[in-house]
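**Q** Heads up: the sequence lines are chains S and U, in that order. Per my numbering, the very first residue in the first sequence carries number 6; after that it's consecutive. Per my numbering, the very first residue in the second sequence carries number 6; after that it's consecutive.
2 protein chains.
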Amino acid sequence: MKIAGRPACRDNMKLTKTEKDFLQYQRVARMASVDSNGVAHNVPVCPLVDKDKIYFGTERKARKLRNIQANPSVTVVFDEYTEAWSFLRGVMVQGTGRVVNKKEFQELRKKIYSKFSQYESNAPLGERDSVIVEVTPTRKFSWGLE
Amino acid sequence: MKIAGRPACRDNMKLTKTEKDFLQYQRVARMASVDSNGVAHNVPVCPLVDKDKIYFGTERKARKLRNIQANPSVTVVFDEYTEAWSFLRGVMVQGTGRVVNKKEFQELRKKIYSKFSQYESNAPLGERDSVIVEVTPTRKFSWGLE
Numbered sequence: 006m007k008i009a010g011r012p013a014c015r016d017n018m019k020l021t022k023t024e025k026d027f028l029q030y031q032r033v034a035r036m037a038s039v040d041s042n043g044v045a046h047n048v049p050v051c052p053l054v055d056k057d058k059i060y061f062g063t064e065r066k067a068r069k070l071r072n073i074q075a076n077p078s079v080t081v082v083f084d085e086y087t088e089a090w091s092f093l094r095g096v097m098v099q100g101t102g103r104v105v106n107k108k109e110f111q112e113l114r115k116k117i118y119s120k121f122s123q124y125e126s127n128a129p130l131g132e133r134d135s136v137i138v139e140v141t142p143t144r145k146f147s148w149g150l151e
Numbered sequence: 006m007k008i009a010g011r012p013a014c015r016d017n018m019k020l021t022k023t024e025k026d027f028l029q030y031q032r033v034a035r036m037a038s039v040d041s042n043g044v045a046h047n048v049p050v051c052p053l054v055d056k057d058k059i060y061f062g063t064e065r066k067a068r069k070l071r072n073i074q075a076n077p078s079v080t081v082v083f084d085e086y087t088e089a090w091s092f093l094r095g096v097m098v099q100g101t102g103r104v105v106n107k108k109e110f111q112e113l114r115k116k117i118y119s120k121f122s123q124y125e126s127n128a129p130l131g132e133r134d135s136v137i138v139e140v141t142p143t144r145k146f147s148w149g150l151e
């Protein structure tokens, strides 16, 4: 698809209220990280959006985490596909990723578990084998959200 | 989410029949390209999968195209989110992108229009302002597709 019908491009880093409303209820987003050879990794994550930051849990051994530790630049796209292309909408957020510390981990895990009840039973975020990554947005591009 | 429940990792470049079946019917995928500073761009595309290659149309002036022209490495993720996390599934394909030539463009545009009837009316792929990118897979990672 070409995102041409409603070309709402914004290049500053402040998310609008509409964008935040859109982001915070999304159940899945796709997160690209980049290795030292300039090769992207791109996988779905279940995002928590809290106070203008994006969070997601991941395994310590995950490729995306190794990428972020080598190159903190990450790009998360939140979008909804519909066959009625006039109504396509989404936000691409480029930002900087970092692993949160132990105290933050415990607070954020509660919020993530609260949003995604699946975590505790299906894929618990243990402190030993998991981390939470915080993404601070630096740039954005949105469409269809007016 | 952690893709932990059904960790079907494969690192060779040959797509299985199941993976091809899954890919070819998807209506949307997310495509990451990388600029010369190692910053990813990540947006939805409407993919055509034909003979082990992935194709998508884009505007000539699009950022993703500039990225691919500078760094042909692209990563496309095809996935289906469901609240029942045991049934999450998808394929991440890393590959090499190139802009197809004029003859290929005309043949592929027909196939893309055939899969996505929205194109002709909503976002026609004109030869002057659009290109079709071909992605040759080099590496893949899949989950939930057994």
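Note that the Cβ used here is the ideal one computed from N, Cα and C, for glycine as well. Computed from a predicted model, the values in this text were never measured in an experiment.
(1) Against chain S, does U/PRO49 count as a neighbour if the rule is that its beta carbon must be under 9 Å from one of theirs?
(2) Using a beta-carbon distance below 9 Å, is S/GLY102 in contact with chain U?
(3) Assign S/ARG35 to one of two classes, buried (16 or more other C-beta atoms within 10 Å of its C-beta) or exposed (fewer than that).
(4) Can at least three beta-carbon pairs, one atom from the segment 64-81 of chain U and one from the segment 97-113 of chain U, be found at a separation below 8 Å?
(5) Can you find a C-beta in chain U that's less than 9 Å from the C-beta of S/PHE110?
(6) Within 9 Å (strictly less), CB to CB, does U/GLY95 reach chain S?
(7) Taking the Cβ atom as the reference point for each residue, do U/VAL54 and U/VAL105 lie within a distance shorter than 9 Å?
(8) Pairs of beta-carbons, one from the segment 85-94 of chain S and one from the segment 118-129 of chain U, closer than 8 Å: are there three or more?
(9) Would S/TYR60 pass as a contact of S/ILE117 if the rule is Cβ separation under 9 Å?
(10) List, in chain order, every chain S residue whose beta-carbon is nearer than 8 Å to that of U/GLU88.
(11) With 9 Å as the threshold, decide whether the Cβ of U/ARG114 is near any Cβ in chain S.
(12) Enumerate, from N- to C-terminal direction, the unbroken beta strand (DSSP E) stretches of 3 or more residues contained entirely within the segment 6-78 of chain S.
(13) Helix, strand or coil: which one does DSSP assign to U/PHE121?
**A** Considering the structure as presented:
(1) yes
(2) no
(3) buried
(4) yes
(5) No, S/PHE110 lies away from the interface with chain U (no Cβ there is under 9 Å from its Cβ).
(6) yes
(7) no
(8) yes
(9) yes
(10) ARG32 and GLN123
(11) Chain S contact via Cβ: absent.
(12) 34-39, 45-50, 53-55 and 58-64
(13) coil
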